[in-house]
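Okay, so here's the structure we're looking at.
Number of protein chains: 2
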Amino acid sequence: MEKNVFDDPRITAVGLLVEAHAGLSARFAVQYEEHGLSAVEFEVLMRLARSPGNQLRMTDLAAQTSLSTSGVTRVVDRMERDGLLCRRACPSDRRSSYAVVTPSGLRRLDETLPGHLRIIEQWFTGQLEPEALTAMLDGLRRVRDAVHPGATAGSTDPAPSDEPPSPLA
Amino acid sequence: MEKNVFDDPRITAVGLLVEAHAGLSARFAVQYEEHGLSAVEFEVLMRLARSPGNQLRMTDLAAQTSLSTSGVTRVVDRMERDGLLCRRACPSDRRSSYAVVTPSGLRRLDETLPGHLRIIEQWFTGQLEPEALTAMLDGLRRVRDAVHPGATAGSTDPAPSDEPPSPLA
DNA sequence: GAGCAACTATAGCCACAGCAATATTCCTCG
DNA sequence: CGAGGAATATTGCTGTGGCTATAGTTGCTC
Chain W
1 MEKNVFDDPR ITAVGLLVEA HAGLSARFAV QYEEHGLSAV EFEVLMRLAR
51 SPGNQLRMTD LAAQTSLSTS GVTRVVDRME RDGLLCRRAC PSDRRSSYAV
101 VTPSGLRRLD ETLPGHLRII EQWFTGQLEP EALTAMLDGL RRVRDAVHPG
151 ATAGSTDPAP SDEPPSPLA
Chain R
1 MEKNVFDDPR ITAVGLLVEA HAGLSARFAV QYEEHGLSAV EFEVLMRLAR
51 SPGNQLRMTD LAAQTSLSTS GVTRVVDRME RDGLLCRRAC PSDRRSSYAV
101 VTPSGLRRLD ETLPGHLRII EQWFTGQLEP EALTAMLDGL RRVRDAVHPG
151 ATAGSTDPAP SDEPPSPLA
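Residue numbers (UniProt numbering), protein chains in the order written: chain W, 1 to 169; chain R, 1 to 169.
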């Protein structure tokens, strides 16, 4: 009997992470759709709504999401067309424009958030006792801090902007 | 001072999961690329290589990956064109075809796996002491079992096939 | 002040994947 | 045995997002 690489505990570990993430994302997606949003649109709304003035420069929005700058252009195009966002010229730098959440966008987010939180509680945080939950979250935080999303390549100290790279946590 | 929804611990929790996953996936992606593979191609190779006969019916491959059946058709097209896979007619059911890993595909996987494992260890499993790691993995397993990837909608008992739905863990 | 590099947003082009439609094959029931 | 329905793989169409080029803007250097 030869050793089977596929049973390697490291493979198992990433499998758990990937499948937990995928399953949760799928749950989120169906709930987003109930409110006419996609996952990226929801994330954009969240990032903007938590920013001062409900707005963010396109570049900063790209840095905070998993999108490229051109990707942000397209998403903002769609969401502006749908009335959730609008563009605003940056007074101090004519290269930049702000994406601003409209009242309609804020309303949409308010409608979507309660169900979102309910899903998180039902399928994620509520699945574990408090100690187990904090243990898992501590582990995830350590991993997150290590891989540091935003520092994709092996740069020593990216510091892409003044904003904290991961304000979500 | 009003309560800020964005500081809700549930939001923080999913943020950790999402960012840890995203960061790790990004690390994986650059290593895959060093060996001319994409993430889905690597996953396809893994799923096939661990299956008896290094083969799987297209539908079963779709069920085991995050792809739809048409998605599998395209991926297998590309990988067959690249010589990593080949199609084989199913003798017992002429509707089905097998995707079979070629020796070249197995070689590619063998070349890619060591670096993959190294990345997992460096950025994921190696970031935590053994007890913290198992605590986190136990939590992830509970969440994974709850959301049950493959049962996307609210069906009570999907049981899509005889195969275990998540052989990765 | 002129020149030049860096930055910002966008548009063109392409790859990828999902949905729906289609063709073929299998199975079950009458 | 035949008909109808389920299953399987594929293709067309579409939406999405990344990469690169481009145009406009800023700031730095000399």
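Glycine is no exception: its CB is placed at the ideal position from the N, C-alpha and C atoms.
This one's a predicted model, so the numbers in the text were calculated from it and none came from an experiment.
Original post:
Can you find at least 3 beta carbon pairs, one from the segment 15-26 of chain W and one from the segment 97-116 of chain W, that sit closer than 8 Å?
Top reply: no
Original post:
If you count every other CB in all the chains shown that lies within 10 Å of the CB of S51 of chain W, and 16 or more means buried, which is it?
Top reply: buried
Original post:
Can you tell which of W:V5, W:A132, W:R144 has the C-alpha that lies nearest to the C-alpha of V143 of chain R?
Top reply: W:A132
**OP:** Please go through the UniProt domain "HTH marR-type" (10-145) of chain W and give each complete beta strand (DSSP E) segment of 3 or more residues, from N-terminal end onward.
**Re:** 55-57, 85-89, 97-101
Subject >> Simplified DSSP state of D8 of chain W, which is helix, strand or coil >> reply: coil
Subject >> Residues in the segment 8-27 of chain W having any Cβ partner in chain R nearer than 9 Å >> reply: D8, P9, R10, I11, T12, A13, V14, G15, L16, L17, V18, E19, A20, H21, A22, G23, L24, S25, A26, R27
Original post:
Under 7 Å from any heavy atom of the ligand PLP, does the C-beta of L140 of chain W make it?
Top reply: The ligand PLP is not part of the structure shown, which contains no ligands of any sort.
Subject >> Closest residue to L109 of chain W among W:V75, W:M46, W:R141, W:L56 (Cα-Cα distance) >> reply: If we check each option's Cα against that of L109 of chain W, W:M46 comes out closest.
**OP:** Decide if Q122 of chain R is buried, meaning its Cβ has at least 16 other Cβ atoms within 10 Å, or exposed.
**Re:** Answer is exposed; the Cβ neighbour count stays below 16.
Original post:
For chain W, is any of its Cβ atoms less than 8 Å away from the one on Q55 of chain R?
Top reply: Taking Cβ atoms only, chain W never reaches closer than 8 Å to Q55 of chain R, which makes this a no.
**OP:** For residue 240 of chain R, return the contacting residues in chain W, with the cut-off set at a CB-CB distance below 7 Å.
**Re:** With chain R covering 1 to 169 only, the question about residue 240 of chain R has no answer from this structure.
**OP:** Counting only the same chain and skipping the five closest in sequence on each side, list residues whose C-beta sits under 8 Å from that of G83 of chain W.
**Re:** T102, S104, G105
**OP:** Measure the alpha-carbon distance for L67 of chain W versus L24 of chain R and round it to whole angstroms.
**Re:** Spanning the two alpha carbons is a distance of roughly 16 Å.
Subject >> Inter-residue spacing [alpha-carbon to alpha-carbon] between V44 of chain W and D138 of chain W >> reply: 26 Å
Original post:
Roughly how many angstroms lie between the CA atoms of R107 of chain W and R94 of chain W, to the nearest whole one?
Top reply: C-alpha separation (whole angstroms): 30 Å.
**OP:** Have a look at S161 of chain W and L56 of chain W and give me their C-alpha separation to the nearest angstrom.
**Re:** Low local confidence applies: a pLDDT of 36 at S161 of chain W is under 50, so the model's placement there is unreliable, with the coordinate-based value given in what follows. One C-alpha to the other measures close to 13 Å.
Subject >> chain W contact for T125 of chain R (CB, 8 Å cutoff) >> reply: Taking Cβ atoms only, chain W reaches closer than 8 Å to T125 of chain R, which makes this a yes.
Subject >> Nearest residue (CA-CA) to L37 of chain W, options W:V75, W:G126, W:T125 >> reply: Looking from the CA of L37 of chain W, the closest CA among W:V75, W:G126, W:T125 belongs to W:V75.
Subject >> Exposure label - E41 of chain R; buried when at least 16 CB within 10 Å >> reply: A buried status is given to E41 of chain R, since no fewer than 16 other beta-carbon atoms sit within 10 Å of its beta-carbon.
Original post:
For A39 of chain W, which residues of its own chain have a beta-carbon under 8 Å away from its beta-carbon, when the five flanking residues on both sides are left out?
Top reply: If we look at A39 of chain W and ignore the five residues flanking it on each side, its Cβ neighbours are S25, F28, A29, Y32.
**OP:** Name, please, each residue of chain W whose Cβ falls closer than 7 Å to the Cβ of M136 of chain R.
**Re:** A135, M136, G139, L140
Original post:
Which value, in whole angstroms, describes the spacing of the CA atoms of T112 of chain W and M79 of chain W?
Top reply: 16 Å
Original post:
Out of curiosity, what's the CA-to-CA distance linking T12 of chain W and F6 of chain W?
Top reply: 8 Å
**OP:** Determine the burial state of P9 of chain R: buried for a count of at least 16 other Cβ atoms within 10 Å of its Cβ, exposed for fewer.
**Re:** exposed
Original post:
Which word fits D60 of chain R, buried or exposed, when buried means at least 16 other C-beta atoms lie within 10 angstroms of its C-beta?
Top reply: Around the beta carbon of D60 of chain R, 16 or more other beta carbons lie within 10 angstroms, which makes this residue buried.
Original post:
Who are the neighbours of L117 of chain R on chain W, taking C-beta pairs under 9 Å?
Top reply: V5, D8, R10, I11
Original post:
Which residue from R:F124, R:L48, R:D77 puts its Cα closest to that of residue 236 of chain W?
Top reply: In the structure displayed, chain W extends from 1 to 169; residue 236 of chain W sits before or after that span and is not available.
Subject >> Cβ-based neighbour list, I119 of chain R, same chain, cut-off 6 Å, excluding 5 preceding and 5 following >> reply: The residues R27, Q31, in chain order, have a CB closer than 6 Å to that of I119 of chain R in the same chain once the five nearest residues on each side in sequence are set aside.
**OP:** Flag this pair as yes or no: are the beta carbons of A63 of chain W and Q127 of chain R separated by less than 8 Å?
**Re:** no
Subject >> Pairwise C-alpha distance: S70 of chain W and M58 of chain R >> reply: 35 Å
**OP:** With a 10 Å radius around its C-beta and 16 neighbouring C-beta atoms as the bar for buried, classify residue 239 of chain W as buried or exposed.
**Re:** Summary: the structure shown does not reach residue 239 of chain W, with chain W confined to residues 1 through 169, and so no result is reported for it.
Original post:
Is it right to say N54 of chain R is buried, meaning 16 or more other beta carbons lie within 10 angstroms of its own, or is it exposed?
Top reply: buried
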